[in-house]
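All residue numbers for the sequence shown refer to our numbering, where the first residue is 1 and numbers rise by one. Accompanying notes for the structure given below.
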Amino acid sequence: GARVRFSTGNIFGKGEFTGLTTNGGYDIEGDYAVIKESGIYGIYVSLGSRKVFIQPLTVYTYGTASSDSWGSKLTSPFTVSSEPGCLEYTVENDGRLRFNPVIEGFDFSSWQRELYINLETMEILQRKSGEDEPNASYQWTAGTKVKLNFITMKAEIF
1 GARVRFSTGN IFGKGEFTGL TTNGGYDIEG DYAVIKESGI YGIYVSLGSR KVFIQPLTVY
61 TYGTASSDSW GSKLTSPFTV SSEPGCLEYT VENDGRLRFN PVIEGFDFSS WQRELYINLE
121 TMEILQRKSG EDEPNASYQW TAGTKVKLNF ITMKAEIF
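In structure tokens:
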């Protein structure tokens, strides 16, 4: 497990906090958010809706290159790699591919939390509000392997 602090200054307006109105996936001990199990986690904070969730990171694929073409079935996830901090996926079909991290407790469309790979720098990025669909014209090939490294925030495609 691990313990984290969200802010040690006044970055969020009122200084340090470990939780907001709605919290999930962790315990609060003193000034720390505590995660009991080791693994790859996503930390999701919404100051507007006053929510904090820490949960194991699950990234699903969707698009014509996935077995889930519209992101509604959540049947085609990345799997945990033997390399620390990494998730892996083997592209199932030729076509377009999108990455959707599922976030419990947040009610917004998958495109609003979409991850993507900058194919020039191999950086793992999050789609910004109002941004066109990243890599919309890129065609993936069945059998291609994708590794997301959340320690370096870089991807490998091979």
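Even glycine gets a Cβ: it sits at the ideal position worked out from N, Cα and C. Please read all numbers here as calculations on a predicted model, not as lab measurements.
Classification of residue i by the beta-carbon crowding that lies within 10 angstroms, buried from 16 upward
{"i": "Arg5", "result": "exposed"}
{"i": "Gln55", "result": "buried"}
{"i": "Ile157", "result": "exposed"}
{"i": "Ile103", "result": "buried"}
{"i": "Ser66", "result": "buried"}
{"i": "Leu119", "result": "exposed"}
Span separating the alpha-carbon of residue i from that of residue j
{"i": "Arg96", "j": "Gly63", "result": "5 Å"}
{"i": "Thr22", "j": "Gly105", "result": "9 Å"}
{"i": "Ile28", "j": "Val91", "result": "39 Å"}
{"i": "Asp132", "j": "Glu123", "result": "17 Å"}
{"i": "Leu47", "j": "Met153", "result": "24 Å"}
{"i": "Thr141", "j": "Trp70", "result": "18 Å"}
{"i": "Asn181", "j": "Gln126", "result": "The displayed coordinates of the chain run from 1 to 158. Any statement about residue 181 would go beyond what the structure contains."}
{"i": "Gly30", "j": "Thr79", "result": "33 Å"}
{"i": "Ser81", "j": "Glu37", "result": "17 Å"}
{"i": "Thr121", "j": "Ser129", "result": "21 Å"}
Residue i and residue j closer than 9 Å at C-beta
{"i": "Gln139", "j": "Asp68", "result": "no"}
{"i": "Gly85", "j": "Ile117", "result": "no"}
{"i": "Tyr44", "j": "Val34", "result": "no"}
{"i": "Val59", "j": "Tyr32", "result": "no"}
{"i": "Thr75", "j": "Arg98", "result": "no"}
8 Å contact criterion, which residue i and residue j should meet: CB distance rounded
{"i": "Leu115", "j": "Pro101", "result": "6 Å"}
{"i": "Gly19", "j": "Val52", "result": "6 Å"}
* Within the stretch 35-105, note down every full alpha helix (DSSP H) run reaching 4 residues or more, in order along the chain. => none
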